[in-house]
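Engineer:
Numbering (UniProt numbering), first residue to last: 1 to 91.
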């Protein structure tokens, strides 16, 4: 079978699927956050901060230089310079 044919079969099967948990959450007006959401996983905020630092300050660095820069940034990252990371993890 081709990928397109398989996708049509899957679409037919899944078209009417309704999960009870989704209906219960809708009834209570709740939502489920994905596991990588910063509210559930503060490391996402750390990673975002470090990626932004590299993108803004080290754009023209070589790959080897960026590896060293990342090692340095991760080793220097503390609760004091982490901004909202520690407060987010306490919510």
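For each residue, glycine too, the CB sits at the ideal point set by N, CA and C.
What you are looking at is a predicted structure, and each value in this text was computed from that prediction instead of being measured.
(1) When the cut-off is 8 Å and only beta carbons count, does residue 6 lie next to chain B?
(2) Apart from the five residues on each side of it in sequence, which residues of its chain come closer than 8 Å, Cβ to Cβ, to residue 17?
(3) Could you work out which residue in 11, 30, 74 is closest to residue 43 when comparing CA atoms only?
(4) Assuming residue 15 is part of the alpha helix (DSSP H), what are its boundary residues?
(5) Should residue 63 be labelled buried (16 or more other beta-carbon atoms within 10 Å of its own) or exposed?
Structural biologist: In this structure, then:
(1) Within the model displayed, chain B is absent; a lone protein chain is all it includes.
(2) Here the set comprises nothing.
(3) Cα-wise, what sits closest to residue 43 is 74.
(4) For residue 15, there is no enclosing alpha helix (DSSP H), as DSSP marks it with neither H nor E.
(5) Exposed is the label assigned to residue 63, since fewer than 16 other Cβ atoms lie within 10 Å of its Cβ.
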